[in-house]
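Residue numbers for the sequence shown follow the working numbering, beginning at -12 and rising by one.
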Amino acid sequence: MEVEQLEKVASQVRRDIVRMVHGCQSGHPGGSLGCTELLVALYFERMQLKEQDGKPVFDMNGKDEDLFFLSNGHISPVWYSTLARKGYFPVEEMATFRKLDSRLQGHPTTHEHLEGIRIASGSLGQGMSVAIGAALAKKLNNDKGHVYVLMGDGEQQEGQVWEAATFAPHHQVDNLVAFIDLNGQQIDGPTVKVMNNRDLGKKYEAFGWEVISIEEGNDMAAVLKGLYEAKSRLGHGRPIMVLLHTGMGFGVDFMMGSHKWHGVAPNDEQLAAALGQLEETMGDY
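Written out as structure tokens, the structure is:
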């Protein structure tokens, strides 16, 4: 897809995010809005997915295709919207987000049997470990697919992340691309005040990772360029870490840059204001 087409998908995904969170008056819009370009670029352009008659085909094993794991599972709205708009499940199902008996829980789960979801996530710190396991399984099975995982910057305060960070280079897990959403915000405030991560790039380099940076993580062209660079470095003995610089709440002016929108739903007036800034391009559910 052309950059302009991907941007139109991203605009619709952002509309879906604010509508889903507003509909149940619960959820996490800030980080979801900030990671929209990445998810859209991965699913609509970068990842190799199984398809039949133009629609994705899902199975839990994911053999001979690329896999994505969302470690910071609280930003499920952006993932659900991307999956639905890609064709994994009906777009109309987004109206059930976080409601009783819905498959679209606040944090993704596997027992709901939602197409596209392979692990339960949201207990921060675990996604990298799972992704490494999946990547190693692909190498053992001579599967040429790649594995992608997204984490938050606040999540880097979890110890399990660093155990996994030590493991992957030692075992040459070079079919893995990890992303850190560097929006500088977490639920209690700016990350530099809650628990300063310092220079994550230098840390991962010291652990043996190949590190690249996408400075404009909300610019679709920049994200695509970064993804192509990441792919070009795979297969050379080291895992890839992508530092993705994004804006919390990007695309909605009154949400941008504030940790206060980490987990707060917009009211009716705020929803109308947000939708007024986001073009409807694929039809609202």
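Idealized CB from N, CA, C, for every residue including glycine.
Only a predicted model underlies this, so the values are computations on that prediction, with no experimental measurement involved.
By the neighbour-count definition (other C-beta atoms within 10 Å, threshold 16), LYS50 is an exposed residue.
Counted as a single uninterrupted DSSP element, the beta strand (DSSP E) harbouring ASP168 occupies residues 163 to 169. No residue range can be given for MET(-12), since it is assigned to no beta strand (DSSP E) and is classified by DSSP as neither H nor E. Going by DSSP, HIS157 is part of the alpha helix (DSSP H) stretching over 146 to 157. In the structure shown, VAL160 adopts coil according to DSSP, grouped into three states.
In this chain, SER68 is not harboured by any beta strand (DSSP E); it is covered by the alpha helix (DSSP H) spanning 63 to 73. Spatial neighbours of MET47 in its own chain (CB-CB distance under 7 Å, excluding positions within 5 residues in sequence) are listed in chain order as ARG105. The residues ALA151, PHE154, ALA155, VAL160 and LEU163, in chain order, have a CB closer than 7 Å to that of ILE119 in the same chain once the five nearest residues on each side in sequence are set aside. Contact between the stretch 22 to 39 and the stretch 113 to 129 is absent, with fewer than three C-beta pairs closer than 8 Å. Each of ASN129, LYS131 and GLN143 was checked against the Cα of ARG185, and the nearest Cα belongs to GLN143.
For ALA122 and SER13, the gap between their C-alpha atoms comes out near 34 Å.
Contact between GLY236 and PRO16 holds: CB atoms are separated by about 7 Å, below the 8 Å threshold.
Under the 10 Å beta carbon count, HIS9 is surrounded by 16 or more other beta carbons and is classified as buried. For PRO226 against TRP196, the beta-carbon gap comes to about 6 Å, under 8 Å, which counts as contact. Across the structure, CYS11 and GLU79 are spaced so that their CA atoms are roughly 15 Å apart.
Taking C-alpha positions only, VAL134 is separated from VAL179 by approximately 29 Å. As the crow flies, the alpha-carbon of PHE56 is around 32 Å from that of ALA260.
Residue environment: ASP53 is assigned as buried (16 or more neighbouring CB atoms within 10 Å of its CB, all protein chains considered).
Each residue's CA atom was taken as its position, placing LEU214 and ARG33 some 7 Å apart.
Per DSSP, the continuous beta strand (DSSP E) segment holding MET138 begins and ends at 134 to 139.
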